[in-house]
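Number 160 in the numbering used here belongs to position 172 of the sequence shown; there are no gaps in the numbering.
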Amino acid sequence: MQMKILNIPVLALVSSVFFTANVTAQSINFKGWSAALGSSVVDGNLKIADLNQGQSANLGRTKIVGTLDASYSFPVNDKWVVGAGATYDLSSARVLDVVLLNGKVENHTSVYVQPTFLLTPSTGVFAKLGYHKAVLVGEGGLISQNSGFSESIHGTGIGFGVKSYISNDVFVQFEMLSTKFKTKSVVLGDASTPSKASLTSMNVSIGYQFN
């Protein structure tokens, strides 16, 4: 009887070790710190009320922007991994380009969470939810004394994508992301008017996992 009682915690310990080993085997590539360098095709837009005699403007430009991404991921079970990270854009994204006014988003950073569902031990699909900060910059003839404006903006980003390891520590990632910033008042001429910036991007990156 004593032997049977002792076997219960031993079996529980063995089961726990086996389960942990199985989870690690399924998602070992997705565990730990990683860093990635990417390139994004960004479609930027800036809506400004009262521009062009009261018409709302939504005139952006597409631009290629380099990105940096650092993150940490940990397995929840043999199919799910949760990651958290931060990104930084290496250049500005143009959001408005008309004859008398140019606008761009600079110093764009984000922090995010990224749940990933594993299709195989080396490939997963993910969703991403992030908080974004940037600086909205404008310049041109519509602005009083051509001094321009520079306003801090923030908002949220939602995206999805695919991440796949091509070796034990090197991965490639493709994602689509929509970022919408909160409305911010900017000065055009002698008047303050509300504006709202948004970015839609497609990103391809290559990264390294620090196992």
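Just so you know, even glycine gets a beta-carbon here, dropped at the ideal spot from N, CA and C.
| Check | Outcome |
| --- | --- |
| Identify whether Asn17 lies in helix, strand or coil by the three-state DSSP scheme. | helix |
| Quick one, are the C-beta atoms of Ala122 and Ile141 less than 9 Å apart? | yes |
| If you compare alpha carbons, which of Leu107, Val30, Leu25, Leu124 is closest to Gln161? | Leu25 |
| Would you list the residues sitting across from Val175 in a DSSP beta bridge? | Ser180 |
| Apart from the five residues on each side of it in sequence, which residues of its chain come closer than 6 Å, Cβ to Cβ, to Val175? | Phe137 |
| Alpha carbon to alpha carbon, how far is Ser189 from Gly91? Give it in angstroms, no decimals. | 17 Å |
| What's the gap between the Cα of Pro182 and the Cα of Gly195? | 39 Å |
| Rank Asn191, Lys172, Phe148 by C-alpha distance to the C-alpha of Lys184 and give the top, closest one. | Lys172 |
| With a threshold of 6 Å on Cβ separation, who are the neighbours of Gln102 within its own chain once the five nearest residues in sequence on each side are excluded? | Gly71, Phe114, Lys116 |
| In the region 69 to 140, which residue ranges form an unbroken beta strand (DSSP E) of at least 3 residues, counting only runs that do not cross its ends? | 81 to 86, 89 to 108, 111 to 127 |
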